[in-house]
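Note that our numbering has the sequence shown beginning at 117, numbered continuously upward. The structure under discussion appears below in the form of structure tokens.
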Amino acid sequence: MNRTIFTTALLFIALLLLQVLVCNHIVLFGAAVPFIFIYFIVRQPISMSTNLLLPLSFLLVRGVDLFSDTAGMNALAGTVLAVCKKKVFFSFVQKDDFSVTFTPGIASMGFGAYFRYLFSMVAIYCVLIFSIEYFSFSDVKEIILKASASCVLTTALLLAVDSLAFSTREKRL
């Protein structure tokens, strides 16, 4: 249990620092922004209570807001993402006793199911964050462009992180 808490805390701090110090300064082609910190929400075990995931997610994304000067936009989108996590996960994985107790990842779910889950989570976040940023649908083309580009970039980065950071010793679904 202590190892899990330590790993979660380390992931929390590492992703917050990586987002604030590196990823916030990257904008590819004026549209694609990497949101690597949402990996924390995506990677938490399915068995984690939403009542625990919500405050942890809120603290992380609020930390990003504080250092990014985004006035709560990430906090709103990140909290909604934490609420949607289980529903999105179980739309790609059949609910049974085993699926409720593991951590989502390439090694545990296989590439196809994990890619669909990850892409859906990132897409939800990107659409929310850019809709909140523009706060109107007068620039729908701009919202779609930025959300799509950021979604592709973030998904690619998170797939790379997951394939490099976690080994195949996890149980496969």
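By construction, the Cβ of each residue, glycine as well, lies at the ideal position given by its N, Cα and C atoms.
Assigned secondary structure, residue i (DSSP; H/G/I helix, E/B strand, else coil)
{"i": "A276", "result": "helix"}
{"i": "A147", "result": "coil"}
{"i": "G188", "result": "coil"}
{"i": "Q160", "result": "coil"}
{"i": "K202", "result": "helix"}
{"i": "D212", "result": "coil"}
{"i": "S207", "result": "helix"}
{"i": "I142", "result": "coil"}
Cut-off 8 angstroms between Cβ atoms - residues of its own chain near residue i, not counting five sequence neighbours on either side
{"i": "L169", "result": "I157, Q160, A198, K201"}
Per-residue burial, residue i [other beta carbons within 10 Å of its own, 16 or more giving buried]
{"i": "Q135", "result": "buried"}
{"i": "G146", "result": "exposed"}
{"i": "N167", "result": "exposed"}
{"i": "F205", "result": "buried"}
{"i": "T120", "result": "exposed"}
Inter-residue Cα distance where the pair is residue i and residue j
{"i": "Y233", "j": "Q210", "result": "13 angstroms"}
{"i": "F227", "j": "G221", "result": "8 angstroms"}
{"i": "I245", "j": "G179", "result": "16 angstroms"}
{"i": "K287", "j": "S224", "result": "With a pLDDT of only 49 at K287, under the threshold of 50, the placement of this residue in the model should not be trusted; the figure read from the coordinates follows. Approximately 5 angstroms, taken between the alpha carbons."}
{"i": "D185", "j": "C139", "result": "14 angstroms"}
{"i": "K203", "j": "P171", "result": "18 angstroms"}
{"i": "A229", "j": "F235", "result": "10 angstroms"}
{"i": "A276", "j": "T270", "result": "10 angstroms"}
6 angstroms CB neighbourhood of residue i in its chain, flanking five on each side removed
{"i": "L261", "result": "A147"}
Within-8 angstroms CB hit, residue i to chain C
{"i": "T270", "result": "Judged by its chain identifiers, the structure shown contains no chain C, having just a single protein chain."}
> Taking the runs of the alpha helix (DSSP H) that are 4 residues or longer, which of them lie wholly in the stretch 214 to 279?
Replying inline: Complete alpha helix (DSSP H) runs here, min 4: 222 to 225, 227 to 250.
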